[in-house]
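Engineer:
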Ligand code: GAP
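In our numbering, the protein residues as written are 39 to 479.
1) Would you report the Cα separation of residue 347 and residue 471, rounded to the nearest angstrom?
2) Could you give the uninterrupted runs of the beta strand (DSSP E) lying entirely in the region 268-334, keeping only those of 3 residues or more?
3) Does the ligand GAP have a heavy atom nearer than 6 angstroms to the CB of residue 187?
4) For residue 479, list the residues DSSP reports as bridge partners.
5) Within 8 angstroms, do at least three Cβ pairs link the region 177-193 to the region 87-97?
6) Taking residue 43 and residue 358 to be in contact with their CB atoms under 8 angstroms, please state how far apart those CB atoms are, rounded to whole angstroms.
7) Straight-line CA distance for residue 385 to residue 460?
8) Mind checking whether the beta-carbon of residue 140 lies closer than 6 angstroms to any heavy atom of the ligand GAP?
9) Name the one or two DSSP bridge partners that residue 99 has.
10) Ignoring anything shorter than 4 residues or poking outside the region 52-119, list the alpha helix (DSSP H) runs there in chain order.
11) Would you decide whether residue 426 is buried or exposed? Buried here means 16 or more other CB atoms lie within 10 Å of its CB.
12) Closest to residue 184 by CA distance: which of 152, 214 and 463 is it?
13) I need the boundaries of the alpha helix (DSSP H) containing residue 472, first residue and last residue.
14) Do residue 349 and residue 63 come within 7 angstroms of each other at the CB atom, strictly closer than that value?
15) Taking 7 angstroms as the threshold (C-beta atoms), are residue 58 and residue 72 in contact?
16) Going by beta-carbon coordinates alone, are residue 240 and residue 115 separated by less than 7 angstroms?
17) Whole angstroms is fine: what's the gap from residue 315's alpha carbon to residue 336's?
18) Take every Cβ of the region 121-137, pair it with every Cβ of the region 101-111, and state whether three or more of those distances are shorter than 8 angstroms.
19) In the DSSP output, what is residue 513 paired with across the bridge?
20) Using the Cβ count rule (16 or more neighbours within 10 Å means buried), how would you classify residue 282?
21) Quickly, what does DSSP pair residue 384 with across the bridge? List them, please.
22) Do you know whose CA, among 252, 242, 141 and 188, lies nearest residue 235's CA?
23) Check whether the Cβ of residue 225 sits closer than 6 angstroms to any heavy atom of the ligand GAP, and report yes or no.
24) Would DSSP call residue 351 helix, strand or coil?
25) How big is the Cα-Cα spacing for residue 309 and residue 157?
26) Using the rule of at least 16 other Cβ atoms within 10 Å of the residue's Cβ for burial, across every protein chain shown, is residue 53 buried or exposed?
27) Work out the CA separation of residue 413 and residue 406 for me, nearest whole Å.
28) Tell me whether residue 152 sits in a helix, a strand or coil according to DSSP, three-state version.
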């Protein structure tokens, strides 16, 4: 059943232009994905929803967009050069590589079936490296960042000095990260190139546990606000053996993906580990002077770290439904929250003739100012509604003969399929208020 849902999602995503395999015409590149016209809009909407919640809705969180390529010493200081590894084994027969903690080393090779052919486990660093400048030697090695967080720590002093922020405060960032993942199955869940939405909250040592608890509550509330089914979300606290090398305590928000419960976001208490390491490796003082008390200290960090591309998979999985209608007809519908739906409103003329098509087109142009719109005049109206349901469009506006007389339209709601007659003059405010009050049926 789970596989069926994932297969159906993959197929819908390709068919309707959400997500394509990278370089497909060349046979594809594993671990890399392209976001098509609807996919990029969905991804941008989730990003904007997060950005607004994390920056605009808090008066002490500022934004940053650090570069992907950073000084190689950053990754020595952060611990990634020595610690960001997975234990790997190779099959001596077919040379396939596996994570040693994900296979039974006493069993046959999952690829070629040879028994007892594995090498001893070796640590394999997940960072991609490349070279900067014209000379490819050890001195020119740089890494593609495996997390966005380090850009924030490295710019901590710049932000404090330029933004008049006071501890406790946060720095938020969204951007690409790269990991040389060996196991990349499950569609976009784990890819080599992905996007993260991270926020580092700098607080006074001793207040970290209180902020750690505060941010856990905030982050779960965020997903509820995004309209994700609460029963598909849960917490998982890391045991001693799971904690990342930088973390004092860590909780994951897990989501019930088609393949089971998996991590969606991590909330970590990173203490003063990162600022301490960068202070040591750079030789620069990164301490903070609290003016009220004249105390100087290295702030502790509570991190909220979500995968943006993994959020896209969550939104798609959570929204997907096949509904059996009366008469045995099945409709496929994506129940996206209207705030993240790639298209908010479709404008559909009931017929093209007698000026109705032109009227509808004009209306669609007017609505563009406020919403992501789509105009569709081809095919039976029922079929056009279904096409919009399948891409998760929450509102459809139908223009008909009555519209020309009394300037009203039919407003149809995706989830309930209910239709109401609304004056065009009230359309924008009605859809805005429906979006604000939206709850998943
Ligand atoms: N700065 C902390 C950090 O990066 P992480 O648990 O390694 O922590 C945080 O990653 C989030 O980034 C994960 O919860 C997941 O949503 C996303 N993520 C990590 N690796 C990923 C990958 N290979 N593909 C897609 N998303 C990934």
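We put the beta carbon where it would ideally sit given N, CA and C, even for glycine.
Structural biologist: Taking the coordinates as given:
1) Going from the Cα of residue 347 to the Cα of residue 471 covers about 28 angstroms.
2) 271-275, 287-295, 298-309 and 326-328, all fully within the region 268-334.
3) In this structure, residue 187 has its beta carbon less than 6 angstroms from a heavy atom of the ligand GAP.
4) Note: residue 479 sits in no beta bridge, so no partner.
5) Segments in contact, no.
6) About 7 angstroms separates the beta carbon of residue 43 from that of residue 358, a gap short enough to meet the 8 angstroms contact definition.
7) One C-alpha to the other measures close to 14 angstroms.
8) Outside the cutoff, so no.
9) Residue pairing of residue 99 in beta bridges, as defined by DSSP: 208.
10) Unbroken alpha helix (DSSP H) runs of no fewer than 4 residues, entirely contained in the region 52-119, are found at 75-89 and 110-115, following chain order.
11) With 16 or more other Cβ atoms within 10 Å, it is buried.
12) Comparing Cα-Cα distances from residue 184 to each of 152, 214 and 463, the minimum goes to 214.
13) Residue 472: member of the alpha helix (DSSP H) spanning 465-474, first to last residue.
14) Inclusion of residue 63 and residue 349 in the CB contact set at 7 angstroms is not warranted, their separation being larger than that value.
15) With a cutoff of 7 angstroms on beta-carbon distance, residue 72 and residue 58 are scored as near each other.
16) At a Cβ-Cβ threshold of 7 angstroms, residue 240 and residue 115 do not count as neighbours.
17) The alpha-carbon atoms of residue 315 and residue 336 are separated by roughly 11 angstroms.
18) Segments in contact, no.
19) The structure shown does not extend to residue 513, since the chain is modelled only from 39 to 479, so the question has no answer here.
20) That one is exposed.
21) Its beta-bridge partners are 412 and 434.
22) That would be 188, whose Cα lies nearest to the Cα of residue 235.
23) Not under cutoff, so the answer is no.
24) The answer is helix: DSSP assigns residue 351 an H, G or I state.
25) In a straight line, the C-alpha of residue 309 is about 37 angstroms away from that of residue 157.
26) Per the 10 Å Cβ criterion, exposed.
27) It is roughly 11 angstroms from the alpha-carbon of residue 406 to the alpha-carbon of residue 413.
28) Coil, per DSSP.
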